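Residue numbers (this note's numbering): 77 to 508.
Every residue gets a Cβ at the ideal spot worked out from N, C-alpha and C, and that includes glycine.
The structure presented is a predicted model; accordingly, all values stated were derived computationally and were not measured.
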Ligand SMILES: Cc1ncc(COP(=O)(O)O)c(C=O)c1O
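Take a look at the structure:
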């Protein structure tokens, strides 16, 4: 009997004819629906999702409470622009964000539709407020793909190839990727952070004059760059350096926010209070929304200085309010912290058996294993990582890569321990 053609195959063919080939899909998953920690493809196969749609579905796919809130809002109105009119869900969400982000000072919020736009907002705001032109970001950072945030990013050359000239006025400092120290050190920095010394004694003394520097932007944990966790104390020192230099300390929490790392924001984990925080991804369980949250004194620009059509969309805002309520009520941060410890130990144990795992790192349920061809040379296992992630896909587990050859483990935070363990076992069996 002839095999029934797969629905996904015909969709993939149609996709290749009309969709930009620039997207970064690594395996041919054609999604039909999702519920909680699972995704189903159009041919009915179920997958355990360890990607959360790139750290978006923290409260689970199509969380019923979020769906209900969105449904109820659709009966009222779908769109009214933050630019021209006012709406209560946007005000309520802004109030909530001011309350839950680090720092008890007065804050204001600009709503956007994605991560990159919140970074654009932060970049523009930093220049506007300080009246200074220059910014510093970190090597290996990823802040988005529009011109400003692309310029602030340096995680992969493909993101930049043939797009120059980029935005002028951006310089780059080394980030403490201690597994592959950018300054060639053998030991992990404990107190004196060589990357910050380099920034302080080289870049800020020889390249960027203090009276030209608007701000320094940083991810708490580098995401796309490879799930790179800086040593404890790094962020506090960086915050201190920003205060001494009189520039803004800007935190990109687009990927780390909303309980992913074991606290509501990773800034809480590292004990810092940035002047500006960018959030997006998990904020609305998949509805496009981003928010740039800044000290009120900083976000004091005049009417017309920055605006958009969809920012503060009421559908996305009611989703955002429900997501935050859900995270707080279910204490998902505590769950992420506990399961994260279990997951890290599991992966570290796996490292004993499999030489291909060169490093295991992460905070909360933002975990990663860096795969290498050889532990001594640390040569990235490019082909192997692709093969492993593809095989896991065939075995019913969705994973994503990042950095050189790193696998990330970012399930929805509602996952139970036995389900989490089952996913890790699929990965372990695939390694075998
Ligand atoms: C830390 C960080 N900033 C910004 C972005 C860009 O967000 P978006 O893809 O929504 O524009 C991302 C996306 O992965 C990110 O991880």
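Run of the alpha helix (DSSP H) containing residue i, from where it starts to where it stops
i	result
residue 187	Premise fails: residue 187 lies in the beta strand (DSSP E), 183 to 188, not in any alpha helix (DSSP H).
residue 427	408 to 429
residue 226	223 to 228
residue 89	83 to 94
residue 166	164 to 176
residue 478	Here residue 478 belongs to no alpha helix (DSSP H); instead the beta strand (DSSP E) covers 476 to 478.
residue 507	493 to 507
residue 272	270 to 274
As assigned by DSSP and simplified to three states, the class of residue i
i	result
residue 462	helix
residue 401	helix
residue 456	strand
residue 391	helix
residue 473	strand
residue 279	helix
residue 539	Outside the modelled stretch of the chain, which goes from 77 to 508, sits residue 539, for which no answer is possible.
residue 101	coil
residue 451	coil
residue 310	helix
residue 254	helix
residue 235	helix
residue 193	helix
residue 216	coil
residue 265	coil
residue 260	coil
residue 396	helix
residue 159	coil
Counterpart residues of residue i in DSSP-defined beta bridges
i	result
residue 116	109 and 122
residue 211	246 and 291
residue 444	437 and 484
residue 315	Bridge partners of residue 315: none, in fact.
residue 304	298
Classification of residue i by the beta-carbon crowding that lies within 10 angstroms, buried from 16 upward
i	result
residue 390	buried
residue 159	exposed
residue 137	buried
residue 237	exposed
residue 328	buried
residue 425	exposed
residue 205	buried
residue 351	buried
residue 123	buried
residue 278	exposed
residue 474	buried
residue 289	buried
residue 140	exposed
residue 471	exposed
residue 113	buried
residue 383	exposed
residue 453	exposed
residue 385	exposed
residue 95	exposed
residue 260	exposed
residue 564	Residue 564 is absent from the model: the chain starts at 77 and stops at 508.
residue 115	buried
residue 125	buried
residue 154	exposed
residue 283	exposed
Quiz item: At what residue ranges does the segment 122 to 153 contain a whole run of the alpha helix (DSSP H), taking only runs of 4 or more?
Solution: 128 to 131 and 140 to 150
Quiz item: What runs of the alpha helix (DSSP H), each 4 residues or longer, lie entirely inside the segment 321 to 384?
Solution: 342 to 346
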